[in-house]
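K.L.:
Numbering (this note's numbering), first residue to last: 22 to 427. For every residue, glycine included, the Cβ atom is placed at its ideal position computed from N, Cα and C. Since the structure is predicted, the reported quantities are computational estimates derived from the model, not experimental observations.
Okay, here's the thing in structure tokens:
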């Protein structure tokens, strides 16, 4: 495929479907299906493509690629089945990605369809970084290990960040993807060496409705002593925890009560994971909102410090994602606790930042930047590399998706 390649990029979220057409890094068409019910029949892709732009390939964002996904993979029936086998590990997104794959393969059967995995960027983590201290029999039988997520966003942020921060070559970068999901990543010379998420996207930092890391003993106690079912615990940790749980509010999307409790419901639940609403409530004296923001920032500082340690230091700190890009109060509060790492920001630049922005004040030893999340550009680039050069950006080995066993 010579010349500029036009790539159709499908990014299936938990409630939306973003459809972009990119030629090189230029977006020629942008459509958002919001809300999207996650069924293939609910989107007429031919209508979206009615502009007549010739498409060379289709890129699909897939959250979980398993242990052996080290780069993009051409989707055939085997790869599609393997993606489906990991749905239980990323239930909010994996089924939606499969629906998008189904509709696109039906509409454009003669084009190559490429899965771009959010996990693949972290395939370069060391054994020490990815290994859980679990019984070896468990690790061998089920392949349990830290995998990491948000890789497409982290890869773009690490690539774009140094350009925003005056174009200096900065080797050790900590990227923070802060959206409804959240994770931090340590990047050295363009390669992920550590991240805060683990086997599933439930691990790590505090998120909108996800708990992030909790003591496994809490989970065991809830099941064995409190009498909750595994499904109730899963739903509580996934849909009713995080900022929503800290603010003592109901589930964001459904308004349902927290499993195992009477809970509170109604419109308040829909504001819980919205950082802007929480910040406004905190300013108005809401103690629950204040606690939610304080815990969020505390855990984010911890995550950044841990990633800086894994990287052997930090030359650049990057904020990206909805909260990372649009909540200057969170950036300011986070950096305020990172002085021992040499991080500081120009508050005027921070408050004025829109889109890509350089926040570093004169004399600072660590640079700080805001990068607009562009998973679409990263996905299109991966597709071009795979189809025009046959490259494996992360590994020289085969790009495969493992199927869980046990």
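For residue 303, does the count of other Cβ atoms within 10 angstroms reach 16, so buried, or fall short, so exposed?
P.N.:
Buried is the call here.
K.L.:
Distance, Cα to Cα, residue 202 vs residue 409?
P.N.:
Answer to the nearest angstrom: the Cα atoms are 33 angstroms apart.
K.L.:
Compute the distance between the beta-carbons of residue 362 and residue 392, then report whether it is under 8 angstroms.
P.N.:
Cβ distance not < 8 angstroms, so residue 362 and residue 392 don't count as in contact.
K.L.:
Can you give the Cα-Cα distance for residue 296 and residue 131, rounded to whole angstroms?
P.N.:
Whole-angstrom Cα-Cα distance: 43 angstroms.
K.L.:
Can residue 166 and residue 88 be called in contact, C-beta distance under 8 angstroms?
P.N.:
Cβ distance < 8 angstroms, so residue 166 and residue 88 count as in contact.
K.L.:
According to DSSP, simplified to helix, strand and coil, what is residue 286?
P.N.:
Below a pLDDT of 50, predicted positions are generally treated as unreliable, and residue 286, at 28, falls in that range; the measurement from the model is reported next regardless. Correct three-state label for residue 286: coil.
K.L.:
Quick one: residues in its chain with C-beta nearer than 8 angstroms to the C-beta of residue 368, no 5 flanking neighbours on either side, listed in chain order?
P.N.:
353, listed in sequence order.
K.L.:
In terms of residues, what are the limits of the beta strand (DSSP E) holding residue 173?
P.N.:
Looking at the DSSP string, residue 173 is not in any beta strand (DSSP E); the run it does join, the alpha helix (DSSP H), is 172-185.
K.L.:
Give the single residue among 400, 330, 256 whose Cα lies nearest to the Cα of residue 194.
P.N.:
Here the closest residue by C-alpha is 330.
K.L.:
So does the region 311-326 actually touch the region 152-166, counting three or more Cβ pairs closer than 8 angstroms?
P.N.:
Contact fails: fewer than three Cβ-Cβ distances are below 8 angstroms.
K.L.:
Name the DSSP bridge partner or partners of residue 341?
P.N.:
In the DSSP output, where bridge partners are listed per residue, residue 341 has 198.
K.L.:
Using a Cβ-Cβ cutoff of less than 8 angstroms, which residues in the same chain neighbour residue 254 once the five nearest sequence positions on both sides are dropped?
P.N.:
Counting only Cβ-Cβ distances below 8 angstroms, and skipping sequence neighbours, we find 240, 243, 244, 280.
K.L.:
What's the C-alpha gap between residue 321 and residue 95?
P.N.:
If I take the Cα positions, the gap works out to 35 angstroms.
K.L.:
So what does residue 40 bridge to, in DSSP terms?
P.N.:
Its beta-bridge partners are 31, 52.
K.L.:
In the DSSP assignment, find the unbroken alpha helix (DSSP H) run with residue 353 in it and report its ends.
P.N.:
Note, residue 353: alpha helix (DSSP H), 349-357.
K.L.:
Please name the residue or residues paired with residue 213 in a DSSP beta bridge.
P.N.:
Residue 213 is bridged to 208.
K.L.:
Considering residue 389, what are the terminal residues of the alpha helix (DSSP H) in which it resides?
P.N.:
Note, residue 389: premise wrong, no alpha helix (DSSP H); beta strand (DSSP E) at 388-391.
K.L.:
So if DSSP puts residue 79 in a beta bridge, which residue, or which two residues, is it bridged to?
P.N.:
According to DSSP, residue 79 bridges with 29, 134.
K.L.:
Could you give the DSSP three-state label for residue 47: helix, strand or coil?
P.N.:
Residue state, collapsed to three classes: strand.
K.L.:
Measuring only the C-alpha atoms, how far is residue 54 from residue 154?
P.N.:
Distance between the alpha carbons of residue 54 and residue 154 is about 42 angstroms.
K.L.:
Note down the Cα distance separating residue 1 from residue 172, rounded to an integer number of angstroms.
P.N.:
For the chain, the structure presents residues 22 to 427; residue 1 sits outside this window and is missing.
K.L.:
Report back the beta-carbon spacing between residue 205 and residue 221 to the nearest angstrom; my notes put them in contact at under 8 angstroms.
P.N.:
No, residue 205 and residue 221 are not in contact; Cβ-Cβ is about 16 angstroms, not under 8 angstroms.
K.L.:
Take residue 117 as the anchor and find which of 56, 179, 190, 34 has the nearest alpha-carbon.
P.N.:
Checked all of 56, 179, 190, 34; the closest Cα to residue 117 is 34.
K.L.:
In or out: residue 25 buried (at least 16 other Cβ within 10 Å) or exposed?
P.N.:
Looking at its Cβ environment, which holds fewer than 16 other Cβ atoms inside 10 Å, residue 25 is exposed.
K.L.:
Tell me whether the beta-carbon of residue 76 lies closer than 8 angstroms to the beta-carbon of residue 27.
P.N.:
The answer is yes: Cβ separation under 8 angstroms.
K.L.:
If you follow the alpha helix (DSSP H) that residue 242 is in, where does it begin and where does it stop?
P.N.:
Note, residue 242: alpha helix (DSSP H), 237-245.
K.L.:
So the candidates are 80, 389, 249; which of them puts its Cα closest to the Cα of residue 325?
P.N.:
Out of 80, 389, 249, 389 has the C-alpha closest to the C-alpha of residue 325.
K.L.:
Excluding the 5 residues flanking residue 333 on each side, which residues of the same chain have their C-beta closer than 8 angstroms to its C-beta?
P.N.:
Same-chain partners within the cutoff: 193, 209.
K.L.:
So, with DSSP's three-state summary, where would you put residue 319?
P.N.:
Helix.
K.L.:
Please identify the residue among 385, 336, 58, 102 whose C-alpha is closest to the C-alpha of residue 190.
P.N.:
The shortest C-alpha separation from residue 190 is found at 336.
K.L.:
Within 10 angstroms of its Cβ, does residue 30 collect 16 or more other Cβ (buried), or is it exposed?
P.N.:
Under this definition residue 30 is a buried residue.
K.L.:
Report the partner residues of residue 379 according to the DSSP bridge assignment.
P.N.:
Beta-bridge pairing links residue 379 to 390.
K.L.:
Please work out which residues of its chain come closer than 7 angstroms, Cβ to Cβ, to residue 32, disregarding the five sequence neighbours upstream and downstream, and give them in chain order.
P.N.:
Around residue 32: 39, 82, 396, 397.
K.L.:
According to the Cβ coordinates, are residue 175 and residue 142 closer than 8 angstroms?
P.N.:
For residue 175 and residue 142, yes; Cβs fall inside 8 angstroms.
K.L.:
Could you tell me the distance, in whole angstroms, from the CA atom of residue 90 to the CA atom of residue 104?
P.N.:
Each residue's Cα considered, the two are about 10 angstroms apart.
K.L.:
When DSSP labels each residue in this structure, what does residue 364 get in the three-state scheme?
P.N.:
It is a strand residue.
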